[in-house]
Ligand code: G3H
Ligand code: 13P
Ligand code: ZN
């Protein structure tokens, strides 16, 4: 058993308390490799933002669970080094399991040094979700590890408009869920979803000037009702990438094929960040920026075969993306 405290990591308790009081959201960026973690830490130290480093079970399999935990520790050391060199403040860093689906996975992460875990029982029945989440909370809290639960289903909202009523989080369940499970934060479903295709073109209107697809607004009415039911409780928004046309167009102009990709407009995320939403999850926007720069580099330098020459520009683009999120969207810059 390695405690996250020995690794210099933080749980999310203080982060969320400050975010709630300050009216901003803490960024939760996914990583699978070295360039992503370098970019996340660099951007967050330079903007003075707390950060949650997120690892999915897929990322864990891809990178190797042992290596990932050392990368988490390495991230803290790198953060300290950059802060010292630049004469700026150190930032709190959490290492978080994203979409954990079993007790065993959550336990294994906690034992290897994660400071926070998500147990996503949203695909189970309500009763089973409560039971699984409670089991993880009981174990995690023994080690002061924070737990995120989920109510409502994100995927599928864009697939079936008729099913929308049943997949959005039902506000009348949240109070009971929080009380019975003891979770520290709650992910909800109010119209976001994972990936780069969050809405079908038929659900969107077209901006007459730019031709850009504008999706329907998030269900802030549901969020407000949830806030009334569990006042002061930290809410998490998954599936919050904006899918910037800048990178989608770059991918398409250098041989890619992303058609009708649509994300969540930044102004809606800014509004969410000012509310009880204390954590905003972003993965796809980083994937798009990396892919765009790699495609561009290959197209312009077909003879290039040094990974540093194409992963380097991709990493620079990631730093730019994360800084912009912290400063202009989540409001987390300058909060440490
Ligand atoms: O919510 C999902 C994250 O974007 C992680 O995706 O399971 O492909 O690593 P992944
Ligand atoms: P995006 O696919 O919108 O980036 O969402 C990521 C996420 O929610 C990770 O849990
Ligand atoms: Zn998610």
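Residue numbers (my numbering): 2 to 337.
Glycine included, each C-beta is placed from N, C-alpha and C at the ideal position.
Taking the alpha carbon of residue i as the point to measure from, which residue in the options has its own alpha carbon closest?
| i | options | result |
| --- | --- | --- |
| residue 228 | 186, 195, 194 and 253 | 186 |
| residue 264 | 199, 253 and 305 | 199 |
| residue 17 | 278, 312, 294 and 308 | 278 |
| residue 286 | 15, 10, 28 and 12 | 28 |
| residue 71 | 136, 85 and 56 | 56 |
| residue 225 | 216, 337 and 235 | 235 |
| residue 52 | 26, 300 and 312 | 26 |
| residue 318 | 102, 196, 124 and 298 | 298 |
| residue 113 | 122, 97 and 102 | 97 |
| residue 321 | 63, 248, 142 and 232 | 248 |
| residue 15 | 42, 93, 89 and 54 | 93 |
| residue 153 | 220, 61 and 258 | 220 |
| residue 331 | 230, 308, 48 and 254 | 48 |
| residue 123 | 102, 108, 140 and 106 | 102 |
| residue 65 | 109, 85 and 95 | 109 |
| residue 335 | 54, 50 and 271 | 50 |
| residue 238 | 256, 217 and 284 | 284 |
| residue 145 | 118, 130 and 134 | 118 |
| residue 337 | 91, 253, 201 and 30 | 91 |
| residue 100 | 268, 267, 314 and 120 | 120 |
| residue 155 | 282, 311, 314 and 54 | 282 |
| residue 268 | 206, 41, 329 and 30 | 329 |
Does the beta carbon of residue i fall short of 6 Å from some heavy atom of ligand 1?
| i | result |
| --- | --- |
| residue 65 | no |
| residue 186 | no |
| residue 293 | no |
| residue 335 | no |
| residue 117 | no |
| residue 60 | yes |
| residue 57 | yes |
| residue 31 | yes |
How many angstroms separate the CA atom of residue i from the CA atom of residue j?
| i | j | result |
| --- | --- | --- |
| residue 208 | residue 81 | 45 Å |
| residue 138 | residue 147 | 8 Å |
| residue 75 | residue 67 | 12 Å |
| residue 2 | residue 111 | 8 Å |
| residue 305 | residue 295 | 11 Å |
| residue 39 | residue 104 | 30 Å |
| residue 242 | residue 288 | 10 Å |
| residue 34 | residue 316 | 11 Å |
| residue 83 | residue 180 | 41 Å |
| residue 9 | residue 126 | 37 Å |
| residue 13 | residue 73 | 15 Å |
| residue 20 | residue 301 | 43 Å |
| residue 327 | residue 291 | 18 Å |
| residue 1 | residue 32 | Here the chain comprises residues numbered 2 to 337, so residue 1 is not present and cannot be evaluated. |
| residue 203 | residue 261 | 10 Å |
| residue 172 | residue 223 | 7 Å |
| residue 128 | residue 5 | 31 Å |
| residue 62 | residue 215 | 36 Å |
| residue 165 | residue 324 | Confidence is the limiting factor: at residue 165 the pLDDT is only 48, short of 50, which leaves the residue's position unreliable and the question unanswerable from this model. |
| residue 308 | residue 213 | 34 Å |
| residue 46 | residue 293 | 24 Å |
| residue 196 | residue 240 | 7 Å |
| residue 151 | residue 303 | 45 Å |
| residue 259 | residue 79 | 35 Å |
| residue 270 | residue 218 | 11 Å |
| residue 333 | residue 232 | 21 Å |
| residue 11 | residue 255 | 41 Å |
| residue 86 | residue 43 | 12 Å |
| residue 69 | residue 143 | 23 Å |
| residue 77 | residue 177 | 37 Å |
| residue 250 | residue 106 | 38 Å |
| residue 36 | residue 210 | 37 Å |
| residue 136 | residue 88 | 43 Å |
| residue 280 | residue 201 | 26 Å |
| residue 253 | residue 244 | 13 Å |
| residue 30 | residue 41 | 7 Å |
| residue 192 | residue 312 | 33 Å |
| residue 130 | residue 273 | 25 Å |
Any heavy atom of ligand 2 within a distance shorter than 6 Å of the CB on residue i?
| i | result |
| --- | --- |
| residue 284 | yes |
| residue 242 | yes |
For ligand 4, is there any heavy atom lying closer than 6 Å to the beta carbon of residue i?
| i | result |
| --- | --- |
| residue 287 | In the structure on display, ligand 4 does not appear, and the ligands it does have are ligand 1, ligand 2 and ligand 3. |
So, using beta-carbon positions, are residue i and residue j closer together than 7 Å?
| i | j | result |
| --- | --- | --- |
| residue 23 | residue 275 | no |
| residue 168 | residue 190 | yes |
| residue 188 | residue 149 | yes |
| residue 141 | residue 116 | no |
| residue 184 | residue 230 | no |
| residue 182 | residue 134 | yes |
Ligand 3: which residues have Cβ under 7 Å from any of its heavy atoms, chain order? 99, 100, 155, 195, 239, 240 and 282
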